[in-house]
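J.:
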Amino acid sequence: MHSFRDRSLTIPIKNRPKYLVVPPELEFTARQILTSAMKMWLEHTEAIAPATPYPTTNVIAKYGLELIVDDWLPIVDETNGTRAWYLFAAPSDIVAIEFDHLRGHERPEICMKASDKVTVG
């Protein structure tokens, strides 16, 4: 998220992740990643022998990410819902969304795409 730039590709957006959002199926794995001091790195070898595990420092645990388990994620994300995970910045750190009003409209309109326009709110 640190590599994100504005439209001119020159100014960094400074979007530091704060929340790790996972489905219930990944809760245990996420807790292990966020709380363990060490992780095991496996050396990738082409040999017939199994890979050798090497302990190394878990730098992800030092970022201070807050875990959020979202029960709706498997329902909303139909493609990768049980395996998907997301990083979000704190809303107080950066603007998440901006909107403006069209001329002649005092409130935003939310419409559902269908064959005919259906006003939702």
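Numbering (the UniProt record's numbering), first residue to last: 1 to 121. All C-beta atoms, glycine included, are put in the ideal place defined by N, C-alpha and C.
1. Does DSSP put Ile68 in a helix, in a strand, or in coil?
2. Please look up how many angstroms separate the CB atoms of Tyr19 and Ile75, rounded, as I've assumed it's under 8 Å.
3. Can you tell me whether Leu26 is buried or exposed? The criterion is at least 16 other CB atoms within 10 Å of its CB, across all chains shown.
4. Based on Cα-Cα distance, which residue from Tyr54, Ile33, Gln32, Phe28 lies nearest to Met40?
5. Where does Leu102 fall in DSSP's three states?
6. In three-state terms, what does DSSP make of Lys62?
7. Considering only the alpha carbon of each residue, which of Glu106, Val22, Thr29, Asp6 lies closest to Pro81?
8. Within this structure, are the beta carbons of Asp77 and Pro24 separated by less than 8 Å?
9. Under the rule that 16 or more other beta-carbon atoms within 10 Å means buried, what is Leu73, buried or exposed?
10. Among the candidates Arg16, Phe4, Phe28, whose CA atom is the shortest distance from the CA of Arg83?
11. Per DSSP, what kind of secondary structure is Thr57 in: helix, strand or coil?
T.: With the given structure in hand:
1. Residue 68 sits at position 68 when you count from the first residue of the sequence shown. Note: Ile68 maps to strand in three-state DSSP.
2. As a working mapping, residue 19 is identified with position 19 in the sequence shown. As a working mapping, residue 75 is identified with position 75 in the sequence shown. With a Cβ gap of about 19 Å, Tyr19 and Ile75 do not count as contacting.
3. Residue 26 sits at position 26 when you count from the first residue of the sequence shown. Label assigned to Leu26: buried.
4. Taking the first residue of the sequence shown as 1, we reach residue 40 at position 40. Nearest option by C-alpha distance: Tyr54.
5. Start at 1 with the first residue of the sequence shown, and residue 102 comes out as number 102. Residue state, collapsed to three classes: coil.
6. Taking the first residue of the sequence shown as 1, we reach residue 62 at position 62. Helix at Lys62.
7. Reading the sequence shown from its first residue, position 81 is the one you call residue 81. First, the residue type needs correcting, since residue 81 is Gly and not Pro in the sequence shown. Nearest C-alpha to Gly81: Val22.
8. Against the sequence shown, residue 77 aligns to sequence position 77. Against the sequence shown, residue 24 aligns to sequence position 24. Not a contact, by the Cβ cut-off of 8 Å.
9. Taking the first residue of the sequence shown as position 1, residue 73 is located at position 73. It counts as buried.
10. Sequence index remark: in the sequence shown, residue 83 carries index 83 (1-based). For the residues Arg16, Phe4, Phe28, the minimum Cα distance to Arg83 belongs to Phe28.
11. Within the sequence shown, numbered from 1, the residue matching residue 57 stands at position 57. Strand.
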